[in-house]
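**Student:** I'd like to ask some things about the structure below.
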Amino acid sequence: MFLALYANENNELLEHPGVSMLARTGTTWVEPEEEEMIPLPKGASLVTVPHCIPVGLDGDRLTYFEDDPSGRGQRAFAVAALLPQGFTRTLLPASVSSHSSGTLPLLGYAAVGFKNGQIYTAAVQTDEHRKWHPVYYNTARLPERISRLLGQYPDNRILQHLAHCSMDYSCFTAQNIFYRRWEGGIPTMAACNAECIGCISESDQGIES
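When the letters of the sequence shown are read in order and numbered with the working numbering, they come out as residues 1 to 209.
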């Protein structure tokens, strides 16, 4: 059994000793199977899910808790993992929204749980993790590398855009262009069909990518 994890107002990450974790697939809450969970990968980040209350199973009974069960903090917040590149989430965190809008930031929240002194997440490894470890990105010399390449190609609009993606969005594939290694993303379309921030192309222009 994986225990439910939550955070409190003191920025402490805690497990609920009497409540097992739930996850979400689509609109359905599920109790993860053993094989669906892996130890939290290096480079992953644990974050609170804004305006969301933790839920879990107390025996066979569904339960949610707005207050910190440990008494160490006043409120309890749902917790999720942001996975490093090379891993794909398989289950979403289960929670109850406490906010009328119910809109979350554009982040890849993955379900998390606690077992035998270790944090687990619902994910599978789908690529070589080493190349996407955060330690290789946003380095102190990245601005210098960007300036050097832009100096060589001052009129290259693609490089100018990728510099923006690298510095403002910390996009790993954009940064790889300036590091001159591994896999790099190149914007080629005037518009795309993704409802996102439009980091490599404009959106909502009626053009299919």
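Just so it is clear, CB atoms sit at the ideal spot from N, CA and C, and this is done for glycine as well. All values reported here derive from a predicted model rather than from experimental measurement.
Starting from R61, follow the alpha helix (DSSP H) in both directions and report where the run begins and ends.
**Tutor:** For the purposes of this step, residue 61 is identified with residue 61 of the sequence shown, where counting begins at 1. Here R61 belongs to no alpha helix (DSSP H); instead the beta strand (DSSP E) covers R61 to Y64.
**Student:** Return the first residue and the last residue of the alpha helix (DSSP H) that M167 is part of.
**Tutor:** On the sequence shown, position 167 is the one that residue 167 refers to. Element bounds for M167: R157 to D168.
**Student:** In chain order, what residues of the same chain have a beta carbon less than 7 Å from the beta carbon of R48, not counting five sequence neighbours either side?
**Tutor:** As a working note, residue 48 is residue 48 in the sequence shown. For the record, residue 48 in the displayed sequence is Thr; it is not Arg. If we look at T48 and ignore the five residues flanking it on each side, its Cβ neighbours are A7, F77, A78 and V79.
**Student:** When you compare the CB positions of F2 and M37, do they come within less than 9 Å of one another, or not?
**Tutor:** Numbered from its first residue, the sequence shown carries residue 2 at position 2. Numbered from its first residue, the sequence shown carries residue 37 at position 37. Contact flag set, yes.
**Student:** Which one or two residues does DSSP pair with N8 in a beta bridge?
**Tutor:** For this step, residue 8 is matched to residue 8 along the sequence shown. DSSP lists A76 as partners of N8.
**Student:** Where does Y109 land, buried or exposed, given buried means 16+ other C-beta within 10 angstroms?
**Tutor:** In the sequence shown, residue 109 corresponds to position 109, counting from 1. Under this definition Y109 is a buried residue.
**Student:** Say whether the segment 89-108 touches the segment 11-31, bearing in mind that this needs 3 or more beta-carbon pairs closer than 8 Å, one atom from each stretch.
**Tutor:** These segments touch.
**Student:** Report buried or exposed for A140, applying the criterion of at least 16 other Cβ atoms within 10 angstroms of its Cβ.
**Tutor:** For the purposes of this step, residue 140 is taken as the residue at position 140 of the sequence shown. Counting Cβ neighbours within 10 Å, A140 comes out exposed, since fewer than 16 surround it.
**Student:** Look at the alpha carbon of I207 and the alpha carbon of I158, and state the distance between them as a whole number of angstroms.
**Tutor:** Walking along the sequence shown from the start, residue 207 turns up at place 207. Walking along the sequence shown from the start, residue 158 turns up at place 158. For I207, the pLDDT reaches just 49, beneath the cut-off of 50, and the residue's location in the model is therefore unreliable, leaving the point undetermined.
**Student:** Using only alpha-carbon positions, find the residue among C165, S70 and P134 that is nearest to I146.
**Tutor:** Walking along the sequence shown from the start, residue 146 turns up at place 146. If we check each option's Cα against that of I146, C165 comes out closest.
**Student:** Might you give, ordered along the chain, the residues of its own chain that have their beta carbon closer than 6 Å to the beta carbon of Y64, omitting 5 neighbours on each side?
**Tutor:** Counted from its first residue, the sequence shown places residue 64 at position 64. Correct list, in chain order: I53, V55 and V96.
**Student:** Taking A44 and L13 to be in contact with their CB atoms under 8 Å, please state how far apart those CB atoms are, rounded to whole angstroms.
**Tutor:** Reading the sequence shown from its first residue, position 44 is the one you call residue 44. Reading the sequence shown from its first residue, position 13 is the one you call residue 13. About 13 Å; that fails the 8 Å criterion.
**Student:** Where P187 and R75 are concerned, what is the direct C-alpha to C-alpha distance, given to the nearest angstrom?
**Tutor:** One-based indexing of the sequence shown puts residue 187 at position 187. One-based indexing of the sequence shown puts residue 75 at position 75. Each residue's alpha carbon lies about 44 Å from the other.
**Student:** So the alpha helix (DSSP H) I177 belongs to, where does it begin and stop?
**Tutor:** Mapped onto the sequence shown, residue 177 falls at position 177. From DSSP, the alpha helix (DSSP H) with I177 extends over F172 to Y179.
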